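Our numbering puts the first residue of the sequence shown at 1, with every later residue one more than the last.
C-beta atoms are modelled at their ideal positions from N, C-alpha and C, and glycine is treated no differently.
Being a predicted model, the structure only gives us computed values, none of them experimental.
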Amino acid sequence: MPLPEPREETAAAALHERLYVIGGFDAGGSDTDSVFVFGGAVWTRGPRLPVAVDHASAAVLGDRLYVIGGSTPMGASTAAFVLSSSGDAWQRITPLGHARIAPALVATSGRLYAIGGRDGLVEVGPAEVYDPESARWRDLPPLPLPRDHVSGFVDQGMPCVAGGRSPNTTRVDCFDSAAAQWRSLPPLPRPTSGAGGVTLAGTVIVAGGEDAVESVIVDQVARFADGSWSLDSMLVPRHGFQLAVLGGRAWACGGGDHPGLHPVATCTSIT
1 MPLPEPREET AAAALHERLY VIGGFDAGGS DTDSVFVFGG AVWTRGPRLP VAVDHASAAV
61 LGDRLYVIGG STPMGASTAA FVLSSSGDAW QRITPLGHAR IAPALVATSG RLYAIGGRDG
121 LVEVGPAEVY DPESARWRDL PPLPLPRDHV SGFVDQGMPC VAGGRSPNTT RVDCFDSAAA
181 QWRSLPPLPR PTSGAGGVTL AGTVIVAGGE DAVESVIVDQ VARFADGSWS LDSMLVPRHG
241 FQLAVLGGRA WACGGGDHPG LHPVATCTSI T
């Protein structure tokens with residue numbers, strides 16, 4: 001079922017069997033504070049974000065939904081929010097140490113990891129980790145190749161990012177918290193940025209995206225399992241969305257079906 005309205009450069013995550021699609025550009029290219037919620041039958045409207053935003057990122061840690069960063073009418077954002085336990089309001093948490101447009105937010109091992117993104121025209125090097133008990137962000141070693149429009153996922157308990165723009169790359173980097181250092185996985189089959197990334201039933205999926213100059217949509221679904229990538233085609237190729245797992249499927253809702261700003265309401269799934 002399509003989104004109620006077209007959206008591009010959204011954040012998305014699933015909590016309590018509900019899929020949340022958050023913020024993004026509308027059809028006119030304006031930032032939005034909208035939250036669309038799908039419970040398996042119809043879309044409803046969730047509580048609006050405190051600020052309109054595009055290029056933010058979302059993740060679920062435990063039973064809480066978080067949103068960080070992005071671009072607002074005031075510029076690159078350090079803001080971070082958590083959905084209230086009642087699900088009817090957003091609460092501010094400690095802001096990021098670095099403003100980030102188009103980062104990845106990855107939840108694993110009881111922590112949130114903010115990786116990549118840019119502050120204006122400058123790529124953000126340090127990653128950050130958030131401990132919900134101390135409610136603080138702490139800098140980590142810089143991403144080996146700082147970049148934005150990265151796709152985040154978890155592999156063997158490590159927060160990872162694939163692809164990204166600086167320029168477009170096939171790199172896949174994971175942070176090994178035990179060793180306090182970055183490790184590389186085999187590169188993507190094709191470079192991409194603005195793709196969706198997620199781990200589904202032990203398989204990493206990186207889908208869609210575009211090239212760095214926003215001229216070509218990358219029509220790929222790359223799956224990583226048993227140490228190698230396999231390649232398939234996306235049903236409706238898009239960029240500017242975040243994959244989220246609901247009902248045993250990875251959902252891609254919204255995004256742009258042409259390079260640049262072309263928001264759609266399309267919602268498809270990958271298994």
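Contact belief for A76 with I93 at Cβ below 8 angstroms, rounded distance in angstroms: With 8 angstroms as the limit, A76 and I93 do not qualify as a contact, their Cβ atoms being about 18 angstroms apart.
Distance cut-off 8 angstroms: T32 Cβ against heavy atoms of the ligand NAP: Among the components modelled here there is no ligand, and therefore nothing to report on the ligand NAP.
Every unbroken beta strand (DSSP E) within the segment 183 to 264, with a cutoff of 3 residues, ordered by chain: Counting whole runs of 3 or more residues, the segment 183 to 264 contains the beta strand (DSSP E) stretches 196 to 200, 203 to 207, 221 to 225, 228 to 232, 244 to 246 and 249 to 253.
Euclidean distance between Cα positions of P132 and D257: Straight-line Cα distance between these residues: approximately 37 angstroms.
Per DSSP, cross-strand counterpart(s) of A76: Paired residues: S71.
Pick from L200, P186 and L112 that is closest to S134, judged by C-alpha positions: Selected option, being the one with the closest Cα: L112.
Test item: CB-CB of A102 and E9 under 9 angstroms: Yes, the pair counts as a contact, with Cβ atoms nearer than the cut-off.
Contact the segment 205 to 213 vs the segment 19 to 32: 3+ CB pairs below 8 angstroms: The segment 205 to 213 makes no contact with the segment 19 to 32, as fewer than three CB pairs between them are under 8 angstroms.
Through-space distance from V236 to V82, alpha-carbon basis: The straight-line gap from Cα to Cα measures roughly 31 angstroms.
Sufficient close CB pairs (3 or more, under 8 angstroms) joining the segment 217 to 225 to the segment 260 to 267: The segment 217 to 225 vs the segment 260 to 267: no contact.
Alpha carbon of G46 to alpha carbon of R64, nearest angstrom: G46 and R64 have their C-alpha atoms some 15 angstroms from each other.
Helix, strand or coil at T273 according to DSSP, with G and I counted as helix: Outside the displayed range of the chain (1 to 271) lies residue 273, so it cannot be described from this structure.
Opening and closing residue of the beta strand (DSSP E) in which V53 lies: V53 -> no beta strand (DSSP E), and no H or E assigned at all.
Minimum C-alpha distance to E17 - residue among R249, P73 and P263: Ranking R249, P73 and P263 by Cα distance to E17 puts R249 first.
Residue range of the unbroken beta strand (DSSP E) whose run includes F274: What the structure shows of the chain is the stretch from 1 to 271, and residue 274 is not part of that stretch, so it cannot be assessed.
Closest residue to D54 among G69, L200 and L61 (Cα-Cα distance): Of the candidates G69, L200 and L61, the one whose C-alpha sits nearest the C-alpha of D54 is G69.
Residue from T203, M158, S166 and D148 with nearest C-alpha to R183: Here the closest residue by C-alpha is M158.
Neighbourhood of F153 by C-beta, 6 angstroms cutoff - its chain only, sequence neighbours within 5 removed: Listed in chain order, the non-local C-beta contacts of F153 below 6 angstroms within the same chain comprise C160, G197, V198, T199 and V204, local neighbours out to five positions each way being set aside.
Sequence-distant residues of the same chain with beta carbon closer than 7 angstroms to M74, five excluded per side: Here the set comprises nothing.
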